[in-house]
Amino acid sequence: MTLEREARINTVLNHRQPDLTILMENVHDPHNISAVMRTCDSIGVQEIYVLNTQIGLHETFGKKSSSGVAKWLTVHQFQDIKECMTAIKKKYKKVYATHLGVKSHSLYELDLTQSVALVFGNEKDGVSDESLSYCDGNFIIPQVGMVQSLNISVACAVTLYEAFRQRTAAGLYDGVSRMPVQEHDGLLEHWMQIGSTEWVRAQELKKYNK
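Under our numbering, the residue at position 41 of the sequence shown is numbered 42, and the numbers go up by one with no gaps.
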């Protein structure tokens, strides 16, 4: 692995946000999940939660997945709402869901610099009532169009980039790792292994194409 690649890995890891995560509930389309994963990686969300009470686990998005961006993320999959929410609330101080209700707040009123988990449901059913019962509040993304709905991946991107804006202003991306040492070192070792494997494959491909 090149020194440039190693430096890149360290830089990206130092910008990871250990107190920001997202939960996708019953999002069946793997393309939407992949799009959300790319957004999470781009703004420094390291771990995500995938909850499915309607279909089985996504085999391609497990911890051992080597496809796309998933290999750089920590993906937790659950099929039980209580188990999933209990795990989230043990680590994150606040849980907010995208849900249109009487007491819903605008996305731009939320303090996204705090330890927070953001919950997104699918376009058809939204976040389930049971999941909502575990949340500290609901939020909406302000819209002025005829159709008051956004694709899950778009809604997630808009929300996470508002978190990115707030956290950048608060100095949470200043380049010093905010992760616990053990978690940081474990990820660094794992990423270095991935980087080394990719470098070896690239060298083999070059030889094959000569």
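Glycine included, C-beta positions come from ideal geometry on N, C-alpha and C.
Give me, in chain order, the residues of the same chain whose beta-carbon lies closer than 6 Å to that of residue i; leave out the 5 immediate sequence neighbours on both sides.
i    : result
D20  : S116
I82  : E131 and S132
R179 : P19
Which same chain residues end up closer than 7 Å to residue i when comparing Cβ atoms and leaving out the 5 residues on each side of it in sequence?
i    : result
S105 : N139, F140 and I141
T114 : Q167, R168, A171 and L173
S66  : Reliability of the predicted coordinates at S66 is poor, the pLDDT of 40 falling under 50, and the value obtained from them is presented with this limitation in mind. Excluding sequence neighbours, S66 sits near K72.
T54  : N27, Q80 and I82
Taking all protein chains shown into account, decide if residue i is buried (16 or more other Cβ within 10 angstroms of its Cβ) or exposed.
i    : result
A158 : buried
N152 : exposed
L132 : The sequence shown places Ser at residue 132, not Leu. Its Cβ being crowded by 16 or more others within 10 Å, S132 is buried.
L58  : exposed
G127 : buried
G45  : buried
G122 : buried
Indicate the three-state DSSP secondary structure (helix, strand or coil) for residue i in the structure shown.
i    : result
Y109 : helix
E84  : helix
V28  : coil
Y162 : helix
E124 : coil
T22  : strand
I56  : coil
R179 : coil
N152 : coil
V37  : helix
H77  : strand
V145 : coil
H191 : helix
A171 : coil
Output needed for residue i: all residues of its chain with C-beta closer than 8 Å, excluding positions within five of it in sequence on either side, in chain order.
i    : result
Y97  : L111, V117, A118, L119, V120, C136, D137, G138, N139 and F140
G196 : M2, R6, E7 and I10
K64  : Confidence is the limiting factor: at K64 the pLDDT is only 44, short of 50, which leaves the residue's position unreliable, though a coordinate-based value still follows. So the qualifying residues of the chain are T75 and V76.
Tell me, please, which residues DSSP counts as bridged to residue i.
i   : result
Y93 : Paired residues: none, contrary to the question.
A98 : V120 and N139
E48 : T75
Checklist entry - Do the stretch 70-84 and the stretch 94-102 meet, that is, are 3 or more Cβ pairs less than 8 Å apart? => result No: fewer than three Cβ pairs fall under 8 Å.
Next on the checklist: Is it the case that the stretch 15-30 contacts the stretch 47-55, given that we only count it when at least three CB pairs across the two stretches are under 8 Å?
Outcome noted: Yes, the stretch 47-55 is in contact with the stretch 15-30.
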